[in-house]
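Number of protein chains: 2
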Amino acid sequence: MRPEDIPEIRALDLFRDMSEENFGDLVRGGYVQTFPPQVQLTTEGDHSDFLHIVLTGSVEMFATWNGRETSMATVRPISTFILAATIKDAPYLMSARTSEKSRIILLPSMDVRAVFENDNGFARAVVSELAQCYRAVVKTSKDLKLRSSIERLANYLLRSRRRAGDAPEFELLLEKRRLASFLGMTPENLSRAFKALRPYGVEVEGATVRITDLDSLERLAKPSPLIDDFST
Amino acid sequence: MRPEDIPEIRALDLFRDMSEENFGDLVRGGYVQTFPPQVQLTTEGDHSDFLHIVLTGSVEMFATWNGRETSMATVRPISTFILAATIKDAPYLMSARTSEKSRIILLPSMDVRAVFENDNGFARAVVSELAQCYRAVVKTSKDLKLRSSIERLANYLLRSRRRAGDAPEFELLLEKRRLASFLGMTPENLSRAFKALRPYGVEVEGATVRITDLDSLERLAKPSPLIDDFST
DNA sequence: TCCGTTGCTTGACAATTATCAATTGACGCC
DNA sequence: GGCGTCAATTGATAATTGTCAAGCAACGGA
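Read top to bottom, the protein sequences are chains A and B. Using the working numbering, you'd call the opening residue of the first sequence number 2 and step up by one each time. Using the working numbering, you'd call the opening residue of the second sequence number 2 and step up by one each time.
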């Protein structure tokens, strides 16, 4: 592990409150690796060997069943994934693959569980992180069950706009086919949904989106903090 | 709180590993109440005042948006709900209402958070519980995104059968309209889905379901432990 | 530069799911 | 027992979403 990576990891909510000694133990056993795009990092059903932390790049979490595949989430720097499986010592529920070239830390699950047992600051931080993850999945579940595909896209665009600092123009961070899968629709229908949003002031050119009539789009999307605000 | 309730709560995973003193603190501030059916216990968006524990009866968790409503889960004895909101001191993401007459313990969120800060055994138990909840929501999310409504129903029936001790005949524990909402479909389509499962050996009469051809149903449903096994 | 690949888009059509309206059937209450 | 209420079912129809096939545009490598 490069020495300059360590302070950045230490600063994460998850590791901030643990003892220096335990943090040392955790990091010593871990290692950093750079992966090219489209490398599968974990496979659902496999046993949890490592807690992963994305330093740069991005990782797509996806799930499969009966020959079908769906995109569940995208993990961006700097955050962890498959914490729940690691702590519970249970099989992964999702697979992970790099979307782009990514630098990733791997911490052996055994070490994570050992430190979790000993370090109360860490245990509390894990609670906070898990509660956050749980609430995030509940929100996407509400999004899926309560909204039509056009409404999901409209709200996704409003969230993207916010993430881009309320800019009227921003880039989609996901390939459209993956965005479609994430939103629970086919690429063809995503295309049509974009077209359906044109009367509401949504202009798309490649990966660039321009929102020219925010009021109109918001009237359609009806964003709610209890679904769309991922900070709480 | 009735004295005979206390050992039962103490035996829950969540409270088993905490100190006697902290458990006493927690229980002292709490109280038990019996609610009639169809009483709304929490409203999404409200601030989290109590951690709830269902002792008897059952509670439906549901969510609303834009005049629509969907059933998210059913909480049965003996377990807790809205733990994540309580710990994070964040607003509820779901509303709760009693499905039937239910006895429920209410523990003030403030007390829960205070004990969480002091008692490491409790903090670890909370992690375990949250990880379980997180994984359960991920599973239902996969169920929703990867399966058609008939496949969801087929797998739901197989899970119900298992819960009933692999009996060939069992009762639906949910009203059909709520089951429909939980499975992400309308009551009308649930009716048709039951009919569509008749050739696969599913006989329904009122709330009683009889599975006469398990193999056939399983071939259709293709149950997976990574979606349908709620014990891991 | 050309070519092959890949992702996006479009149109036609099919499947799935929802909506609306009406009926049936079960249950509790008077 | 009769009646009102409500959930469940059914049929007809509409809306939504998915599938298949074709065409287009951007990109990278030879």
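Ideal Cβ placement from N, Cα and C applies to all residues, glycine included.
Exercise for the section: Whole angstroms is fine: what's the gap from B/Ala181's alpha carbon to B/Phe63's? Expected result: The residue given as residue 181 of chain B occupies position 180 in the second sequence. The residue given as residue 63 of chain B occupies position 62 in the second sequence. In a straight line, the C-alpha of B/Ala181 is about 13 Å away from that of B/Phe63.
Handout entry: CB contact below 8 Å: B/Ala91 versus chain A
Key = As a first step, residue 91 of chain B must be located in the second sequence, where it is residue number 90. Judged by the 8 Å Cβ criterion, B/Ala91 is in contact with chain A.
Exercise for the section: Just tell me which of A/Phe117, A/Thr65, A/Gly202, A/Arg17 has its CA closest to the CA of A/Asp90. Expected result: As a first step, residue 90 of chain A is located in the first sequence; it is residue number 89 there, counting from the start. Of the listed residues, the one whose Cα sits closest to A/Asp90 is A/Phe117.
Handout entry: Coarse secondary structure for B/Thr209, derived from DSSP in three states
Key = The count along the second sequence starts at 1 and reaches residue 209 of chain B at position 208. If DSSP states are grouped into helix, strand and coil, B/Thr209 belongs with the strands.
Practice task
Give, in chain order, every unbroken run of the alpha helix (DSSP H) that is at least 4 residues long and sits entirely within the stretch 146 to 193 of chain B.
Solution key: 150 to 164, 177 to 183
Practice task
Please work out which residues of its chain come closer than 8 Å, Cβ to Cβ, to A/Thr187, disregarding the five sequence neighbours upstream and downstream, and give them in chain order.
Solution key: Indexing the first sequence from 1 puts residue 187 of chain A at position 186. Counting only Cβ-Cβ distances below 8 Å, and skipping sequence neighbours, we find Ala181.
Handout entry: Own chain partners of A/Ala161 with C-beta closer than 8 Å, once the 5 adjacent residues on each side are dropped
Key = Counted from its first residue, the first sequence places residue 161 of chain A at position 160. Note that residue 161 of chain A corresponds to Ser in the displayed sequence, not to Ala. Cβ within range, chain order: Phe171, Leu173, Leu174, Val210.
Problem - CB contact flag (B/Glu45, A/Leu227, <8 Å) - result: The residue labelled residue 45 of chain B in the question sits at position 44 within the second sequence. The residue labelled residue 227 of chain A in the question sits at position 226 within the first sequence. Against a cut-off of 8 Å, the Cβ pair of A/Leu227 and B/Glu45 comes out as a contact.
Problem - B/Gln133 beta carbon less than 8 Å from that of B/Arg98 - result: As a first step, residue 98 of chain B must be located in the second sequence, where it is residue number 97. As a first step, residue 133 of chain B must be located in the second sequence, where it is residue number 132. No, Cβ-Cβ distance for B/Arg98 and B/Gln133 is not below 8 Å.
Handout entry: Where A/Thr87 sits in the DSSP three-state scheme
Key = Position 86 of the first sequence, counted from the first residue, corresponds to residue 87 of chain A. DSSP places A/Thr87 in helix when its eight states are reduced to three.
Problem - Rounded separation between B/Ser232 and B/Ile212 - CA only - result: Here residue 232 of chain B is taken as the residue at index 231 of the second sequence, counted from 1. Here residue 212 of chain B is taken as the residue at index 211 of the second sequence, counted from 1. Each residue's Cα considered, the two are about 23 Å apart.
Practice task
Tell me where the beta strand (DSSP E) around A/Phe36 begins and ends.
Solution key: Here the question's residue 36 of chain A lines up with position 35 in the first sequence. Unbroken beta strand (DSSP E) run through A/Phe36: 32 to 36.
Handout entry: Candidates A/Tyr201, A/Ile88, A/Val55, of which the one nearest A/Glu9 by Cα
Key = As a working mapping, residue 9 of chain A is identified with position 8 in the first sequence. It is A/Val55.
Practice task
Please report how far the alpha carbon of A/Ser192 lies from the alpha carbon of A/Thr75, in whole angstroms.
Solution key: Counting from one through the first sequence, the residue named residue 192 of chain A turns up at place 191. Counting from one through the first sequence, the residue named residue 75 of chain A turns up at place 74. Looking at the two C-alpha atoms, the distance is approximately 21 Å.
Practice task
With a threshold of 16 other CB atoms inside 10 Å of the CB of B/Asp144, please say whether the residue is buried or exposed.
Solution key: To locate residue 144 of chain B, count along the second sequence from 1; it is residue 143. Classification for B/Asp144: buried.
Exercise for the section: Tell me B/Phe51's beta-bridge partners as DSSP assigns them. Expected result: In the second sequence, counting from the first residue as 1, residue 51 of chain B sits at position 50. Paired residue(s): B/Pro109.
Exercise for the section: Quick one: residues in its chain with C-beta nearer than 7 Å to the C-beta of B/Thr43, no 5 flanking neighbours on either side, listed in chain order? Expected result: The residue labelled residue 43 of chain B in the question sits at position 42 within the second sequence. Closer than 7 Å at the Cβ level, and outside the excluded window around B/Thr43, lie Ile83, Tyr93, Ser96, Ala97.
Exercise for the section: Give every residue of the same chain whose Cβ lies closer than 7 Å to the Cβ of B/Ser129, excluding the five residues on either side of it in the sequence, and list them in chain order. Expected result: The sequence position of residue 129 of chain B within the second sequence is 128, counting from 1. Here the set comprises Asp14.
Practice task
Could you spell out where the beta strand (DSSP E) holding B/Glu61 opens and where it closes?
Solution key: Locating residue 61 of chain B in the second sequence gives position 60, where the first residue counts as 1. It spans 60 to 66 - the beta strand (DSSP E) in which B/Glu61 sits, taken as one unbroken run.
Handout entry: Between the CA atoms of B/Arg153 and B/Lys196 - distance to the nearest angstrom
Key = Here the question's residue 196 of chain B lines up with position 195 in the second sequence. Here the question's residue 153 of chain B lines up with position 152 in the second sequence. Rounded to whole angstroms, B/Lys196 to B/Arg153 spans 14 Å at the Cα level.
Problem - Near-chain B residues of the stretch 173 to 188 of chain A (beta-carbon distance less than 8 Å), N- to C-terminal order - result: Gly185
Problem - Residue burial classification, B/Arg148 (beta-carbon count within 10 angstroms, cutoff 16) - result: If you number the second sequence from 1, residue 148 of chain B lands on position 147. That one is buried.
Exercise for the section: Would you identify the three-state DSSP class for B/Leu198, choosing helix, strand or coil? Expected result: What you label residue 198 of chain B is simply residue 197 of the second sequence in a count that begins at 1. In this structure, B/Leu198 counts as coil in the three-state DSSP scheme.
Exercise for the section: Report yes or no: is there a C-beta of chain A within less than 8 Å of the C-beta of B/Gly25? Expected result: To locate residue 25 of chain B, count along the second sequence from 1; it is residue 24. Chain A, which has no Cβ nearer than 8 Å to the Cβ of B/Gly25, makes this no.
Exercise for the section: Pick out whichever of A/Ser72, A/Thr65, A/Asp112, A/Ile105 has its Cα sitting closest to the Cα of A/Pro78. Expected result: Residue numbering aside, residue 78 of chain A sits at position 77 when the first sequence is read from its first letter. Answer by Cα proximity: A/Ile105.
Practice task
Starting from the beta carbon of A/Asn67, find every residue of chain B whose beta carbon is closer than 9 Å, and list them in chain order.
Solution key: On the first sequence, position 66 is the one that residue 67 of chain A refers to. Under the 9 Å cutoff, chain B gives Leu147, Arg148, Glu152, Lys223, Ser225.
Handout entry: Beta carbon of B/Arg268 nearer than 8 Å to that of B/Asp18
Key = What is shown of chain B runs 2 to 233, which leaves residue 268 of chain B out entirely.
Exercise for the section: Measure the alpha-carbon distance for A/Thr87 versus A/Lys102 and round it to whole angstroms. Expected result: In the first sequence, counting from the first residue as 1, residue 87 of chain A sits at position 86. In the first sequence, counting from the first residue as 1, residue 102 of chain A sits at position 101. A/Thr87 and A/Lys102: Cα-Cα distance of roughly 24 Å.
Problem - Outcome for A/Glu61 when other beta-carbon atoms lying within 10 angstroms are tallied against a minimum of 16 - result: What you label residue 61 of chain A is simply residue 60 of the first sequence in a count that begins at 1. The residue in question, A/Glu61, is buried, as its Cβ has 16 or more Cβ neighbours within 10 Å.
Handout entry: Closest residue to A/Val33 among A/Ser72, A/Met2, A/Ala155, A/Leu158 (Cα-Cα distance)
Key = In the first sequence, counting from the first residue as 1, residue 33 of chain A sits at position 32. Checked all of A/Ser72, A/Met2, A/Ala155, A/Leu158; the closest Cα to A/Val33 is A/Met2.
Handout entry: Span of the beta strand (DSSP E) around A/Leu218
Key = Start at 1 with the first residue of the first sequence, and residue 218 of chain A comes out as number 217. Note, A/Leu218: premise wrong, no beta strand (DSSP E); alpha helix (DSSP H) at 215 to 222.
Handout entry: Same chain only: Cβ atoms within 7 Å of B/Gln39, ignoring 5 sequence neighbours per side
Key = In the second sequence, residue 39 of chain B corresponds to position 38, counting from 1. Once the five neighbours on either side are set aside, the close Cβ partners of B/Gln39 are Arg98, Thr99.
Practice task
Would you kindly report the start and end of the unbroken alpha helix (DSSP H) that includes B/Glu9?
Solution key: For the purposes of this step, residue 9 of chain B is taken as the residue at position 8 of the second sequence. Where B/Glu9 is concerned, the enclosing alpha helix (DSSP H) stretches over 7 to 11.
Handout entry: A/Glu101 - DSSP class collapsed to helix/strand/coil
Key = Sequence index remark: in the first sequence, residue 101 of chain A carries index 100 (1-based). Looking at A/Glu101 - three-state DSSP - the assignment turns out to be coil, as it is neither helix nor strand.
Exercise for the section: Please state whether DSSP places A/Val76 in a helix, a strand or coil. Expected result: Residue mapping note: residue 76 of chain A aligns to position 75 of the first sequence, counting from 1. In the structure shown, A/Val76 sits in a strand (DSSP, three-state: E or B).
Exercise for the section: With DSSP as the reference, label A/Val41 as helix, strand or coil. Expected result: Position 40 of the first sequence, counting from 1, holds the residue named residue 41 of chain A. In the sequence as presented, Val is not what sits at residue 41 of chain A; that position holds Gln. Residue state, collapsed to three classes: strand.
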